[in-house]
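Just below is one structure, and these are the notes that go with it.
Number of protein chains: 2
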Amino acid sequence: MAKKDETDDVSLWERLERPAAAPRASLSAGRIADVAIGIADREGFAAVTMRKVAAELGVAPMAAYRHVNGKDELWALMIDRVSGELAPGDGISGWRETLRAYALRTREMMLRHPWLAHMPAPLFALTPTRMAAAERQLASLDGLGLDVDTMMAAFRAVNAYVHGATQSEAALRQYMEEQGWQSADETRRGLAPQMSYLMETGRYPTYRRYTRGAARKDDAAWQFETGLDCVLDGVAGLVERGRA
Amino acid sequence: MAKKDETDDVSLWERLERPAAAPRASLSAGRIADVAIGIADREGFAAVTMRKVAAELGVAPMAAYRHVNGKDELWALMIDRVSGELAPGDGISGWRETLRAYALRTREMMLRHPWLAHMPAPLFALTPTRMAAAERQLASLDGLGLDVDTMMAAFRAVNAYVHGATQSEAALRQYMEEQGWQSADETRRGLAPQMSYLMETGRYPTYRRYTRGAARKDDAAWQFETGLDCVLDGVAGLVERGRA
DNA sequence: GCGTGGTGTGTACGGCGTATACCGATCGGT
DNA sequence: ACCGATCGGTATACGCCGTACACACCACGC
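Chains as they are written, first to last, in this note's numbering: chain A, 0 to 243; chain B, 0 to 243.
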């Protein structure tokens, strides 16, 4: 009965909040997730293997399955753990400041853990730590005269932008690391063989003008914040119209 | 010499544009990619296997490797093929109409092919068909008084939003399909065990209010377009300031 | 007629996720 | 103080995966 069936039936998160349940265990879902996060940070998403996690814990490959139902659940745990880095400090007030702070911290988190870009997206919604972040952002939009649908749409718009923008930035960084490229120039040199064929077709004149003449081409933070402020300006419009 | 080394050295895209190179082959990179896309559409991202693709082509597992360097290259091909569905029809004019049309079509494309959400992001940048879409969107922002950096930032902002928003929508749909849930109500019922524990903690009052009282909770198109118009409003601000 | 090179095949290797059966230690009830 | 139940970790095994490598075939230019 007890634990095995519990692992099947009860929500992962409910199980997690009963630390007293297993005092004589050397493993725990938290330790497993931490080791997995370490591997992912150091060696990339694909290197996270049930067997490698177990090895790093000095334990047989199957041992982890007593605490985690499978790889999917491990992923959910990794996301939840790492999302603890999201909560911004005190002293922020107002919806714009709140959403902006979360956006910046989300970007930092995803750049610190580039493997997040590979995670199946639905997992992102349902972990408790992520829900807490969502709650705080939603609450900052409360009381401005918006209906709940519009509040949620605004929240989602900002977060969709942040995820989309940071995913491509993180994935590029990770790709650079895999290839051993250290700088933007080195990357351009590495990508040149692929790129030059495309550019020489003459089909992409505007794009070409950008690669030649842009001043902020390598300033990822500027690009991110410029886009972010666009989205926040749009939300501000929504808020004004809602207030009226 | 010839083909094997060529497969290693020359860009995939350059190879593709020489159809005359191999007249007596029964396979081709295009056919392989099409079959792979079919499998991904029907059975999901994880079901795309070199072996399964080969089987569907009635060919030995290793045969595909004569035309495609490995699974990564197959992915790039799949993305490029499917991106042909992006180009919007005629009769659109102005940056806002152009960006909006691409956004809507990108969403439709990603919902038609939910496996796109699982693709490593850098591949998205460098395929010829995607570059063509980028070029057309960038060109629509040209001549408005924006510098190239700002043009690119605006383009990226819209596309980041579109990808982020549609990824989570597509991933949710795919998850529903995996679970056999057909409707929004069925999904809520299926998610309830996970959800109710979280909600009953009382930590997410605003979120709870949304799940109870929202009118457009299941209108994904409305949510997408509301967010999209936010972002476009933000870009409009950028354009106005650039014009001044 | 014959080498040559492009195309598909067969075999094999190492790694993966995980089902299943197992074993010793520990605990609750008596 | 005992004893079954249960829990944490183990050992073994299966069927899949991507792909390296050596080989067989066939069409062609000479």
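Even glycine gets a Cβ: it sits at the ideal position worked out from N, Cα and C. The structure displayed is predicted, hence computed values, not measured ones.
If the cut is a Cβ gap below 9 Å, which residues of chain B does A:Met-133 touch?
-> Here residue 133 of chain A turns out to be Ala, not Met, going by the sequence shown. Within chain B, the residues Tyr-203, Thr-205 and Tyr-206 have their CB atoms less than 9 Å from the CB of A:Ala-133, given in chain order.
What is the residue span of the alpha helix (DSSP H) that B:Asp-33 lies within?
-> DSSP places B:Asp-33 inside the alpha helix (DSSP H), whose first and last residues are 28-42.
Check whether the region 142-159 of chain A touches the region 218-228 of chain B, taking contact to mean three or more Cβ pairs, one atom from each stretch, closer than 8 Å.
-> Yes: at least three Cβ pairs fall under 8 Å.
Can you list, in chain order, the residues of its chain whose CB lies under 6 Å from that of B:Val-238, leaving out five sequence neighbours each side?
-> Scanning its chain for C-beta atoms nearer than 6 Å, with the 5 sequence neighbours on each side dropped, one finds around B:Val-238 the residues Leu-143, in chain order.
Compare the C-beta of A:Met-108 against all C-beta atoms of chain B and say whether one is closer than 8 Å.
-> With respect to chain B, the C-beta atom of A:Met-108 has no partner C-beta closer than 8 Å.
Nearest candidate by alpha-carbon position, reference B:Leu-171, set B:Ala-219, B:Glu-199 and B:Ala-138 = Ranking the options by Cα distance to B:Leu-171, first place goes to B:Ala-219.
For A:Trp-12, return the contacting residues in chain B, with the cut-off set at a CB-CB distance below 7 Å.
-> Tyr-196 and Leu-197, listed in chain order.
Option nearest B:Gly-57 by Cα separation, candidates B:Arg-242, B:Val-34 and B:Glu-185 | It is B:Val-34.
Going straight from the alpha carbon of B:Ile-36 to that of A:Glu-16, what length do you get?
-> Their Cα atoms are separated by approximately 42 Å.
Cβ of A:Arg-240 within 8 Å of any chain B Cβ = So, not an interface residue.
Per the contact definition of three or more C-beta pairs closer than 8 Å, is the region 35-49 of chain A in contact with the region 89-101 of chain A?
-> Verdict: no, contact absent.
Could you give the C-beta distance for A:Glu-55 and A:Ile-78, rounded to a whole number, given that I count them as a contact under 8 Å?
-> At roughly 19 Å, the Cβ-Cβ gap does not stay under 8 Å, so A:Glu-55 and A:Ile-78 are not in contact.
Reduced DSSP category for B:Gln-173 - H, G, I as helix; E, B as strand; rest coil = In the structure shown, B:Gln-173 sits in a helix (DSSP, three-state: H, G or I).
Is it right to say A:Glu-177 is buried, meaning 16 or more other beta carbons lie within 10 angstroms of its own, or is it exposed?
-> When all chains shown are included, A:Glu-177 counts as exposed.
With 16 other CB atoms within 10 Å as the buried threshold, where does B:Ala-116 fall?
-> Buried, by the Cβ-count rule.
Relative to the C-alpha of A:Met-194, which residue among B:Gly-233, B:Ala-138, B:Thr-126 and B:Pro-87 is closest?
-> It is B:Thr-126.
What's the gap between the Cα of A:Ala-24 and the Cα of A:His-112?
-> Looking at the two C-alpha atoms, the distance is approximately 29 Å.
Is A:Gln-158 helix, strand or coil by DSSP?
-> Looking at the sequence shown, residue 158 of chain A is not Gln but Asn. Three-state DSSP puts A:Asn-158 in a helix.
Could you check which residue in B:Pro-119, B:Thr-105, B:Thr-205 and B:Leu-145 has the C-alpha nearest to that of B:Ala-133?
-> Ranking the options by Cα distance to B:Ala-133, first place goes to B:Thr-105.
Among the residues of its own chain, which have a CB less than 8 Å from the CB of A:Ile-31, if the five just before and after it don't count?
-> Excluding sequence neighbours, A:Ile-31 sits near Val-52, Leu-56, Ala-63, His-66, Val-67, Leu-73 and Leu-76.
Could you please give the first and the last residue of the uninterrupted alpha helix (DSSP H) stretch that includes A:Ala-11?
-> The sequence given here places Leu at residue 11 of chain A; Ala does not occur at that position. Where A:Leu-11 is concerned, the enclosing alpha helix (DSSP H) starts and stops at 11-15.
B:Val-161 to B:Gly-69 span [Cα, whole Å] | Rounded to whole angstroms, B:Val-161 to B:Gly-69 spans 29 Å at the Cα level.
List the residues of chain A whose Cβ lies closer than 7 Å to the Cβ of B:Asp-71, in chain order.
-> Near B:Asp-71 there are no residues of chain A at all, since even the closest Cβ is about 11 Å away, more than 7 Å.
State buried or exposed for A:Met-109, treating a residue as buried only when at least 16 other CB atoms are found within 10 Å of its CB.
-> Buried, by the Cβ-count rule.
CA-to-CA distance, A:Gly-241 to A:Asp-146, given in whole angstroms | Straight-line Cα distance between these residues: approximately 8 Å.
Can B:Leu-190 and A:Met-130 be called in contact, C-beta distance under 8 Å?
-> Contact flag unset, no.
Hey, could you find the ends of the alpha helix (DSSP H) A:Met-194 is sitting in?
-> Counting along the chain, the alpha helix (DSSP H) containing A:Met-194 begins and ends at 183-199.
Of all Cβ atoms in chain A, is any one closer than 8 Å to the Cβ of B:Gln-222?
-> Yes, because at least one Cβ of chain A sits closer than 8 Å to the Cβ of B:Gln-222.
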